[in-house]
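Report on the structure given below.
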Amino acid sequence: MTTEEKVKQYREWVKKCSAYEMALTIIEIDKMTVAPPAGSAYRDERTAILAGELFALQTDPKIVELIRELRDARLDEDTAKMIELENKELDKIINMPQDFFVAFRQLRSNSYTAWLEAKKAKDYRIFEPYLKQLIEYSRKSYEYRQDTRPVYDQMLDDYEPGMTMQDYDVFFAQVKERLVPLIREVTRAKQVRTDFLNREYPVSLQKEFMEEVLSYLRFDPSWGYQNETEHPFTSGTSRNDCRTTTKYLPDNVASAVLSTVHEVGHATYGHDVDEKYDGTIIAHAISSGMHESQSRLFENYLGRTEAFWSVLYPKLQAIFPEQLQGITAKEFTDAVNASSPSLIRTEADELTYPMHIVIRYELEKGLFTGTIGTDGLDQTWNRLYKEYLGVDVPDDSRGILQDVHWSDASFGYFPTYALGSAIAAQVMHTMRQSLDVDECLRTNRFDQIVDWLRENIHHWGGRYQANEILKMVTGEPFNVKYYLDYLEEKYRTLYGIE
Ligand code: ZN
Numbered sequence: 021m022t023t024e025e026k027v028k029q030y031r032e033w034v035k036k037c038s039a040y041e042m043a044l045t046i047i048e049i050d051k052m053t054v055a056p057p058a059g060s061a062y063r064d065e066r067t068a069i070l071a072g073e074l075f076a077l078q079t080d081p082k083i084v085e086l087i088r089e090l091r092d093a094r095l096d097e098d099t100a101k102m103i104e105l106e107n108k109e110l111d112k113i114i115n116m117p118q119d120f121f122v123a124f125r126q127l128r129s130n131s132y133t134a135w136l137e138a139k140k141a142k143d144y145r146i147f148e149p150y151l152k153q154l155i156e157y158s159r160k161s162y163e164y165r166q167d168t169r170p171v172y173d174q175m176l177d178d179y180e181p182g183m184t185m186q187d188y189d190v191f192f193a194q195v196k197e198r199l200v201p202l203i204r205e206v207t208r209a210k211q212v213r214t215d216f217l218n219r220e221y222p223v224s225l226q227k228e229f230m231e232e233v234l235s236y237l238r239f240d241p242s243w244g245y246q247n248e249t250e251h252p253f254t255s256g257t258s259r260n261d262c263r264t265t266t267k268y269l270p271d272n273v274a275s276a277v278l279s280t281v282h283e284v285g286h287a288t289y290g291h292d293v294d295e296k297y298d299g300t301i302i303a304h305a306i307s308s309g310m311h312e313s314q315s316r317l318f319e320n321y322l323g324r325t326e327a328f329w330s331v332l333y334p335k336l337q338a339i340f341p342e343q344l345q346g347i348t349a350k351e352f353t354d355a356v357n358a359s360s361p362s363l364i365r366t367e368a369d370e371l372t373y374p375m376h377i378v379i380r381y382e383l384e385k386g387l388f389t390g391t392i393g394t395d396g397l398d399q400t401w402n403r404l405y406k407e408y409l410g411v412d413v414p415d416d417s418r419g420i421l422q423d424v425h426w427s428d429a430s431f432g433y434f435p436t437y438a439l440g441s442a443i444a445a446q447v448m449h450t451m452r453q454s455l456d457v458d459e460c461l462r463t464n465r466f467d468q469i470v471d472w473l474r475e476n477i478h479h480w481g482g483r484y485q486a487n488e489i490l491k492m493v494t495g496e497p498f499n500v501k502y503y504l505d506y507l508e509e510k511y512r513t514l515y516g517i518e
């Protein structure tokens, strides 16, 4: 076979895999949004079979041989990158028995159901046996890779290539060093008024406002669709089929909006990846930290600015004239930026947010380096919340059971959330040098910001790693200083701290 024929065969295989992936993605989105719960056992079993079929296709010895051979062939740069990424993925799964893969997938499905039940019952003990098994299975899945690095380092690397416990230890130490004292000062300062955010805001009217938000953000129904879920996420099958979700709270007018701005950041990234990468591994290979940097950039660096609300606030006030009577756009913006140590990560403000991640990072690291067990983990969780954030956890639902991630065995994922915020600060610093961001926001020209991000970052997909993109766009590798300076300046100003 010539190289050309091999590449053709590879491309056909990619297309076939993407057909299975599309089916599995749609089933997953359906499950997380509208599928009736009583059908879960039936659904999960069939889904596991389908996933097993895909696994068999991905590990077909003939295709494995082909991908290994292409590693040494002369290829164009894009195809060479695809083959490099494919080989890295193959190394992860090639020695994993299919039985184990199917069983692990089934365990994750069951665990999600158990997590929902435990969360509803506010009882960690219902979820604990599943968590214990998830950790055992995760450990085992890494043993098959025959990689000598510590398991948790491999997990971190899966979500953010290149990052290790050592890197995150340094990163989180800097975060703690600057933010813990700042959080204390903010807690002691004169508080920002926020009471009007938590009046009664009927969901049907919130939905009306959401149409304005989606249109302002250029989230176009021709390629994107928004649904509702318990725990907002973004998914999709291709660049022209991006799905986001949100969650409405009747006593919080900002929650659904800001979570939507966040998820639309993810969806826009997915939509803006170069067409030629659609359905390929390059489109899928965007690291979690890079993806999160774009959603955080949307949510925090754009969605919480006065310029952003200068267009949208008058519309919000027109929909809720009583609830927001006498409240200016400035007061509203100050309120959505207010900082107060709290229980729920997804509702945390920008300043205290990274501390929620520090807690999860320390627990995960302990679970996989063997210094912490699942037994009594809820107590450890509660103790760390008291220690770092000064809050008492009233029940497991608002404590250890609040996040979906562990039920899916997504260990090593959380740290990328904090990393994403920090990457976003660095990107924003550069963007502001060549684009009048506030002017774009004030004049309803969000598309110009999206254009800048597409041209500089989004269109590449996973063609380059986070640090390579940062060097190309900002001229230097990842630097946490931009993030900490940004937070320091923003919160000192907002709270009038010298
Ligand atoms: Zn996100």
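Numbering (the numbering used here), first residue to last: 21 to 518.
Beta carbons: idealized from backbone N, C-alpha and C, even for Gly.
Note down the Cα distance separating residue i from residue j, rounded to an integer number of angstroms.
| i | j | result |
| --- | --- | --- |
| PRO170 | THR389 | 8 Å |
| SER258 | LEU136 | 29 Å |
| LEU485 | LYS101 | It should be pointed out that residue 485 corresponds to Gln in this sequence rather than to Leu. So the two alpha carbons sit approximately 11 Å from each other. |
| GLU488 | ASP173 | 20 Å |
| TYR164 | GLN78 | 16 Å |
| ASP50 | ALA429 | 20 Å |
| THR53 | ASN499 | 38 Å |
| MET451 | SER60 | 46 Å |
| LEU421 | TYR144 | 7 Å |
| PHE352 | PRO497 | 36 Å |
| TYR433 | ASP178 | 9 Å |
| ARG128 | PHE121 | 11 Å |
| ASN130 | ARG159 | 18 Å |
| VAL195 | GLU518 | 20 Å |
| MET183 | LEU344 | 45 Å |
| PHE75 | PRO435 | 28 Å |
| GLY299 | MET42 | 9 Å |
| LYS28 | ILE87 | 12 Å |
| ILE146 | HIS251 | 20 Å |
| LEU234 | PRO270 | 19 Å |
| VAL493 | MET175 | 27 Å |
| ALA68 | LYS36 | 18 Å |
| ASP398 | MET375 | 17 Å |
| LYS350 | TYR289 | 30 Å |
| GLU447 | VAL200 | A small fix is needed here, since residue 447 is Val in this sequence, not Glu. Spanning the two alpha carbons is a distance of roughly 24 Å. |
At a cut-off of 7 Å, would you count residue i as near the ligand ZN, judging by its Cβ distance to the nearest heavy atom?
| i | result |
| --- | --- |
| GLU312 | yes |
| SER15 | This structure leaves residue 15 out entirely; the chain is present only between 21 and 518. |
| HIS286 | yes |
| HIS282 | yes |
Following the continuous alpha helix (DSSP H) through residue i, name the residue where it begins and the one where it ends.
| i | result |
| --- | --- |
| ARG159 | 144-163 |
| ARG208 | 185-208 |
| TYR30 | 23-53 |
| GLY285 | 275-292 |
| GLY244 | Unbroken run through GLY244 is the beta strand (DSSP E), 244-248; no alpha helix (DSSP H). |
| PHE216 | Counting along the chain, PHE216 falls outside any alpha helix (DSSP H), and DSSP gives it neither H nor E. |
| SER235 | 223-236 |
| HIS251 | That residue, HIS251, is in no alpha helix (DSSP H); it is neither H nor E in DSSP. |
| GLU115 | Looking at the sequence shown, residue 115 is not Glu but Asn. Note, ASN115: premise wrong, no alpha helix (DSSP H); not H, not E. |
| GLN343 | Here GLN343 belongs to no alpha helix (DSSP H), and DSSP marks it neither H nor E. |
| GLY309 | 308-316 |
| VAL457 | 457-462 |
| TYR503 | 501-514 |
| HIS449 | 435-454 |
Along the chain, where does the beta strand (DSSP E) containing residue i start, and where does it finish?
| i | result |
| --- | --- |
| SER258 | 254-258 |
| ASN320 | Per DSSP, ASN320 belongs to no beta strand (DSSP E) and is neither H nor E. |
| ASP261 | 261-266 |
Check whether the Cβ of residue i lies closer than 8 Å to any Cβ atom in chain C.
| i | result |
| --- | --- |
| ASP261 | In the structure shown, chain C cannot be found, because there is only a single protein chain. |
Q) Is the segment 448-468 touching the segment 316-330, taking contact as three or more C-beta pairs under 8 Å? A) yes
Q.
Extract the residue ranges of the beta strand (DSSP E) inside the segment 62-94, only unbroken runs of 3 or more that lie entirely within it.
A. none
Q.
Just to confirm the assignment: which complete beta strand (DSSP E) runs, minimum length 3, are found wholly within the segment 366-400?
A. none
Q) How do the segment 353-366 and the segment 204-218 stand: do at least 3 beta-carbon pairs fall below 8 Å, yes or no? A) yes
Q. Below 8 Å, can you find three or more Cβ-Cβ pairs linking the segment 185-192 to the segment 376-393?
A. yes
Q) With a cut-off of 8 Å, do at least 3 Cβ pairs link the segment 311-322 to the segment 277-295? A) yes
Q. At a cut of 8 Å, does the segment 98-116 reach the segment 300-313 through at least three beta carbon pairs?
A. yes
Q. Can you find at least 3 beta carbon pairs, one from the segment 403-414 and one from the segment 466-473, that sit closer than 8 Å?
A. no
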